[in-house]
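J.: Each position in the sequence shown, counted from 1, maps to that position plus 3 in the numbering used here.
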Amino acid sequence: MIPENLSAIRARIQQACLQTGRAPETVHLLAVSKTKPASAVAAALRAGQHDFGENYLQDALPKIAQHPAATWHFIGQIQSNKTKDIASHFDVVHGLASEKVARRLNDARPIGRPPLKVFIQVNLVNESAKNGVAPSALPCLVTAVKDCQNLQIIGLMAMPPATFDLAGRHRFFNELAELRNQIKDDFDLPYFQELSMGMSDDLETAIACGATWVRVGTAIFGARQSQQEA
Ligand SMILES: *Cc1c(COP(=O)(O)O)cnc(C)c1O
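(1) Is I78 near ligand 1, going by C-beta to nearest heavy atom under 7 Å?
(2) At what residue ranges does the stretch 82-166 contain a whole run of the alpha helix (DSSP H), taking only runs of 4 or more?
(3) For L198, which residues does DSSP report across the bridge?
(4) CB-CB under 7 Å to E232, same chain, minus the five flanking residues each way: which ones, in chain order?
(5) DSSP beta-bridge partners for R218?
(6) What residue does the alpha helix (DSSP H) around T74 start on, and which one ends it?
(7) Going by C-alpha to C-alpha distance, which of S83, F93 and I223 sits closest to A68?
(8) Residues bridged to E57 by DSSP?
(9) Starting from C20, trace the alpha helix (DSSP H) both ways and give me its first and last residue.
(10) Please report the distance separating the alpha-carbon of F176 from that of Q17.
(11) Output the distance between the C-alpha atoms of E7 and L33, rounded to the nearest integer angstrom.
(12) Indicate the three-state DSSP secondary structure (helix, strand or coil) for T38 in the structure shown.
(13) Check whether the Cβ of M162 sits closer than 7 Å to any heavy atom of ligand 1, and report yes or no.
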């Protein structure tokens, strides 16, 4: 099932690129393997998938140990007391939202490893429940992360509220793309070109608005048990 699901998602990405005049290689697929076993990761790897997203550290570490050649993205909320493990075991983080966490990740990145790639998560609708930095606080956080030698800031990430319809998501994704352009212009950031946005049910909309990473779990690995979600 996993190889077929991957093929179907790749076809959707291809089609979305075709429809909006984008080169398919500008959109990357992040397979969200949270709560799924290492055998599911192995099946996806055999089917040519290289990037995997995880939300929970304890759930992720054994899978990373079994598949160290894959590229591992931490996409969950980053708690301060988890920064050492995250900086040691992951290649990319998508949910950076505070200067304190940035400094801790920077300090904990092991010597000899390439800089940890980071997306800053933005909170575009001011929902207190959702993680992310307010757009008004973004320049200040970018300035701080720029100074971190062991971090490489590569773009922005955001998640529209589940209640948004596709038109609302379209506006939301466009807003994030606009913000990325603004930051890229205002700061001298050569690698700041990524947009992590779009999931199983709205990846076409996200790609139309410029997504470079779509994060897909359920449509590849099947449904998760609800008590394991957060
Ligand atoms: C779980 C999760 C996903 C994948 O969601 P699906 O609905 O399973 O495709 C993507 N991004 C983040 C941040 C997630 O936590």
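Even glycine gets a Cβ: it sits at the ideal position worked out from N, Cα and C.
T.: Reading it off the structure:
(1) Locating residue 78 in the sequence shown gives position 75, counting from the first residue. Yes, Cβ of I78 sits closer than 7 Å to a heavy atom of ligand 1.
(2) 86-92, 102-111 and 141-149
(3) As a working mapping, residue 198 is identified with position 195 in the sequence shown. Paired residues: L159.
(4) Sequence index remark: in the sequence shown, residue 232 carries index 229 (1-based). Low per-residue confidence applies at E232: pLDDT is 47, beneath 50, and the placement is therefore not dependable enough to give any value.
(5) Locating residue 218 in the sequence shown gives position 215, where the first residue counts as 1. L33.
(6) Locating residue 74 in the sequence shown gives position 71, where the first residue counts as 1. Annotation: T74 is outside any alpha helix (DSSP H); the continuous beta strand (DSSP E) that includes it extends over T74 to F77.
(7) Looking up residue 68 in the sequence shown gives position 65. Per the Cα distances, F93.
(8) On the sequence shown, residue 57 is found 54 positions in, with the first residue counted as 1. The partner list for E57 (beta bridge, DSSP) reads F77.
(9) Locating residue 20 in the sequence shown gives position 17, counting from the first residue. Where C20 is concerned, the enclosing alpha helix (DSSP H) stretches over I5 to T23.
(10) Walking along the sequence shown from the start, residue 176 turns up at place 173. Walking along the sequence shown from the start, residue 17 turns up at place 14. For F176 and Q17, the distance between alpha carbons rounds to 19 Å.
(11) Residue numbering aside, residue 7 sits at position 4 when the sequence shown is read from its first letter. Residue numbering aside, residue 33 sits at position 30 when the sequence shown is read from its first letter. Taking the straight line from one Cα to the other gives about 16 Å.
(12) The residue given as residue 38 occupies position 35 in the sequence shown. T38: coil per DSSP, three-state reduction.
(13) Position 159 of the sequence shown, counting from 1, holds the residue named residue 162. Answer for M162: yes, Cβ within range of ligand 1.
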